[in-house]
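Peer 1:
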């Protein structure tokens with residue numbers, strides 16, 4: 777009886793370990809680090825071709841809207857460096873110059 781119980785406990789432990797590994801690997805692949813424009817400028821080669829999340833302030837005078845193409849371009853800055861951004865689609869309601877913004881892509 778104890779041998780059978782031990783087998784079930786071991787099998788359950790293996791299943792739990794496998795599930796934990798799957799959850800961890802899935803979460804690791806879907807995590808996106810938050811970069812500042814300065815970090816992107818420093819690590820250009822390391823971040824090239826990766827999905828990024830960039831945060832900063834929308835630079836004054838940088839917003840350009842092309843309604844026929846639904847194309848919004850602007851510049852994100854952290855006060856030291858800037859990154860140009862192109863967004864296809866409409867702008868969020870709270871989007872404006874001088875406001876904080878986070879973009880992903």
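In the working numbering, the protein residues as written are 777 to 881.
Note that the Cβ used here is the ideal one computed from N, Cα and C, for glycine as well.
Source: prediction; values computed, not measured.
Looking only at DSSP bridge pairs, what is residue 850 linked to?
Peer 2: Mapped onto the chain shown, residue 850 falls at position 74. Its beta-bridge partners are 861.
Peer 1: Does DSSP put residue 800 in a helix, in a strand, or in coil?
Peer 2: For the purposes of this step, residue 800 is identified with residue 24 of the chain shown, where counting begins at 1. In the structure shown, residue 800 sits in a helix (DSSP, three-state: H, G or I).
Peer 1: Please report the straight-line C-alpha distance between residue 854 and residue 832, rounded to a whole angstrom.
Peer 2: Here the question's residue 854 lines up with position 78 in the chain shown. Here the question's residue 832 lines up with position 56 in the chain shown. Rounded to whole angstroms, residue 854 to residue 832 spans 5 Å at the Cα level.
Peer 1: Straight-line CA distance for residue 791 to residue 810?
Peer 2: In the chain shown, counting from the first residue as 1, residue 791 sits at position 15. In the chain shown, counting from the first residue as 1, residue 810 sits at position 34. About 34 Å.
Peer 1: So what does residue 877 bridge to, in DSSP terms?
Peer 2: For this step, residue 877 is matched to residue 101 along the chain shown. In the DSSP output, where bridge partners are listed per residue, residue 877 has 832.
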